[in-house]
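J.: Just so you know, the sequences run in chain order A and B.
Following our numbering, the numbering of the first sequence begins with 21 at its first residue and continues without gaps.
Following our numbering, the numbering of the second sequence begins with 9 at its first residue and continues without gaps.
Positions of the beta carbon are idealized from the N, C-alpha and C atoms, including for glycine.
These figures come from a predicted structure and were not determined experimentally.
Sharing a structure below in structure tokens format, with a few things to ask.
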Amino acid sequence: AQSVTQPDIHITVSEGASLELRCNYSYGATPYLFWYVQSPGQGLQLLLKYFSGDTLVQGIKGFEAEFKRSQSSFNLRKPSVHWSDAAEYFCAVGVNTGTASKLTFGTGTRLQVTL
Amino acid sequence: DGGITQSPKYLFRKEGQNVTLSCEQNLNHDAMYWYRQDPGQGLRLIYYSQIVNDFQKGDIAEGYSVSREKKESFPLTVTSAQKNPTAFYLCASSIRTAGNTIYFGEGSWLTVV
Chain A
21 AQSVTQPDIH ITVSEGASLE LRCNYSYGAT PYLFWYVQSP GQGLQLLLKY
71 FSGDTLVQGI KGFEAEFKRS QSSFNLRKPS VHWSDAAEYF CAVGVNTGTA
121 SKLTFGTGTR LQVTL
Chain B
9 DGGITQSPKY LFRKEGQNVT LSCEQNLNHD AMYWYRQDPG QGLRLIYYSQ
59 IVNDFQKGDI AEGYSVSREK KESFPLTVTS AQKNPTAFYL CASSIRTAGN
109 TIYFGEGSWL TVV
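Laid out in structure tokens, this is it:
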């Protein structure tokens, strides 16, 4: 069975600093990988996804992620964090089952941004 | 606007009562999902449906039931058999292609009182 590990429960960065959120996955085949962001009490918004091809993926809000098969990682990065980026971030691995896609989520990383 | 609508946003239930959470989508998506979110545990899959009149159990289906009578609707019933129902429930949907993106609704808070 697939699994996702987000080793950092909580991260604090200063506004304008760079950010990297870690994600490691376990899956026997080529994974579909996703990063979602969630504001308190809200649904999840897709930041970016890796399906195939270029291992450096660009997303919305200036985020990017790099798929590294050798390290089973899909870390999320942003060169300069804005205060509005404070939220919870979830990494997920997707497995297709027929016409549906089952996502397995990590436990999330809560990002705090200091001014 | 296209999207996924969940209702109600907040719901209180007495122990022993069943409660149904509504999920409607106008994205013309074939697949729909229900996830449960608890603090520190991420999201866990309850049920999913690939087509009308068909659904499968996810990882934590015990104490829940669903139906899929229409393509756009996928209601979730939290039964009295669910021992710890207080949680945030998220409905989602996707199209039928490999690597498809799952889109989420805004969620429903259920509190057992």
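Contact between the region 22-37 of chain B and the region 88-95 of chain A is defined here as three or more beta-carbon pairs at a separation below 8 Å; is this criterion met?
T.: Because the criterion of three Cβ pairs below 8 Å is not met, the region 22-37 of chain B and the region 88-95 of chain A do not touch.
J.: How is the beta strand (DSSP E) around A:Asn44 delimited, first residue to last?
T.: Here the beta strand (DSSP E) through A:Asn44 covers 44-46.
J.: To the nearest angstrom, how far is it from the Cα of B:Thr85 to the Cα of A:Val101?
T.: Distance between the alpha carbons of B:Thr85 and A:Val101 is about 40 Å.
J.: For B:Tyr56, count neighbouring Cβ atoms within 10 angstroms of its own Cβ and tell me buried if that reaches 16, exposed if not.
T.: Buried.
J.: Measuring only the C-alpha atoms, how far is B:Lys79 from A:Leu135?
T.: The straight-line gap from Cα to Cα measures roughly 46 Å.
J.: In this structure, how does DSSP classify A:Gln91 when only helix, strand and coil are distinguished?
T.: A:Gln91 falls in the helix class under three-state DSSP.
J.: Given a threshold of 16 other Cβ atoms within 10 Å of its Cβ, counted over all protein chains shown, does B:Trp42 qualify as buried or as exposed?
T.: Result: buried.
J.: Answer yes or no: does any C-beta atom of chain A fall closer than 7 Å to that of B:Asn92?
T.: Chain A contact via Cβ: absent.
J.: Could you spell out the range, first to last residue, of the beta strand (DSSP E) harbouring A:Ala106?
T.: Careful: A:Ala106 lies outside any beta strand (DSSP E) and carries neither H nor E.
J.: On the CB-based measure, 16 or more other CB atoms within 10 Å of its CB, does A:Trp55 come out buried or exposed?
T.: Looking at its Cβ environment, which holds 16 or more other Cβ atoms inside 10 Å, A:Trp55 is buried.
J.: B:Asn108 touches chain A at which residues, Cβ-Cβ below 7 Å?
T.: Correct list: Ser121.
J.: I'd like to know if the region 83-103 of chain B and the region 29-41 of chain B are in contact, where contact means that at least 3 CB-CB pairs between them fall below 8 Å.
T.: Verdict: yes, contact present.
J.: Report buried or exposed for A:Pro51, applying the criterion of at least 16 other Cβ atoms within 10 angstroms of its Cβ.
T.: By the neighbour-count rule (16 or more Cβ atoms within 10 Å), A:Pro51 is buried.
J.: With contact counted as at least three CB pairs below 8 Å, one residue from each stretch, are the region 81-88 of chain A and the region 113-130 of chain A in contact?
T.: No contact exists between the region 81-88 of chain A and the region 113-130 of chain A.
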